[in-house]
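Take a look at the structure set out below.
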Amino acid sequence: MADSIIAVAGLTKRFGPVLAVDGLDFSVDQGEVCGMLGPNGAGKTTTLRMLVGLIFPDAGEARLLGHNVRPGDEALRRVGVMIEESAFVPYLNGITNLRLWWEAGGAPWSDADVETALSVAGLGDAVRRKVKTYSQGMKQRLGIARALLSRPDVLVLDEPTSGLDPGEMREVRQLLRRVSEQGTTVLLSSHLLSEVEQVCTNAVVMDKGKLVASGAVAELIGAGGSVYIEVTNVRRATSTLKKLKGVRRVIPEPPGLAVELDGIKRSEVVAALVHAGVGVETVTARHQLEDAFLGLVGEA
Ligand SMILES: Nc1ncnc2c1ncn2[C@@H]1O[C@H](COP(=O)(O)OP(=O)(O)O)[C@@H](O)[C@H]1O
Ligand SMILES: [Mg+2]
């Protein structure tokens, strides 16, 4: 934990009656792209805001580069942050917006790593166009470019693809890969499973402020967790499966059932159902990350 770039322990934040973050623990090591995955209201933004010192925890701590960050903390010089939607001056072009923002921080423009930020953002000649002509995805990429100007060791991004169409999301995912290839450690939040699967090396799944699962994405995906099935008779299927050896749990997930497997093959589950006179309409293999996340949001 001492060597982690980000170390969160017992982190807790309450807003009146709402326990937004509830005893959260996780860490992010050098070079990881960690996805904080959870449904809306899970406490992702609140966690990120505590991490960068925008708000303070009620209990526990969120350490970034070894610091419990306070406003103006020197550790923030090594961190690129995009939490609230990035605001730009609409009638100025992209590059001028970056420069104004940078110089407002008091540093000379010649210190900014404009070249890297722009090449990673992949905006091309559009950086010379007024920002009011940008798509949402371009604004988002300009926001990430802005966070990269200081050559940060760590990038903290809240829902970097939120509000984007599929093509724009792909652009941002590619951008994040380029950032990571340069050795920057990334912590991003997302409410999209596919996004975390595609860009992240590690995942922290949270719900209602609490940690649900965490680990390397490859391991979370590799572990054969369960099977989701849709059947003609849910009640009979449930009672059949509960009696079946090698089935750990049967969880209703309308319109189907999630069946946690412990030493039984998916084909054996199907065979047992058919034998009991239950028609099987859909069988979907799932891995642990899907289990952890889809169980929360009730998707199938
Ligand atoms: N400033 C605030 N005042 C009151 N409640 C808040 C505030 N910020 C967040 N919350 C509440 O805390 C919970 C977690 O919110 P948030 O961290 O924004 O979740 P997420 O980013 O995962 O969608 C939600 O119930 C939200 O309504
Ligand atoms: Mg949020």
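Heads up: take any position in the sequence shown, counting from 1, add 327, and you land on this note's numbering. Note that CB positions come from ideal geometry on N, CA and C, so glycine has one too. Source: prediction; values computed, not measured.
One alpha carbon belongs to E498, the other to I410, and they sit about 19 Å apart. In this structure the region 434-452 lies against the region 462-472, because at least three pairs of beta carbons, one per stretch, are closer than 8 Å.
Judged by beta-carbon spacing, A619 lies within the 7 Å limit of A540, meaning their Cβ atoms are closer than that value. Annotated three-state conformation of D349 is strand, per DSSP. Ligand 1 has no heavy atom closer than 6 Å to the beta-carbon of G350. Nearest Cα to L623 within the set V526, G536, A472, R455: G536.
Secondary structure note for L378: it is in no beta strand (DSSP E), and the uninterrupted alpha helix (DSSP H) holding it is 371-378. Pairwise C-beta distances place the region 551-570 in contact with the region 602-614, as three or more of them are shorter than 8 Å.
In the pairwise beta carbon analysis, the region 354-374 is classified as touching the region 522-537: at least three pairs are separated by under 8 Å. In this structure, P398 keeps its C-beta atom at 7 Å or more from the C-beta atom of K340. By the Cβ rule, the region 341-361 counts as touching the region 377-391, because three or more pairs are nearer than 8 Å. The nearest non-hydrogen atom of ligand 2 is 6 Å or more from the C-beta of T339. Spatial neighbours of R456 in its own chain (CB-CB distance under 6 Å, excluding positions within 5 residues in sequence) are listed in chain order as N420. DSSP places T528 in the coil class of the three-state scheme, outside both helix and strand.
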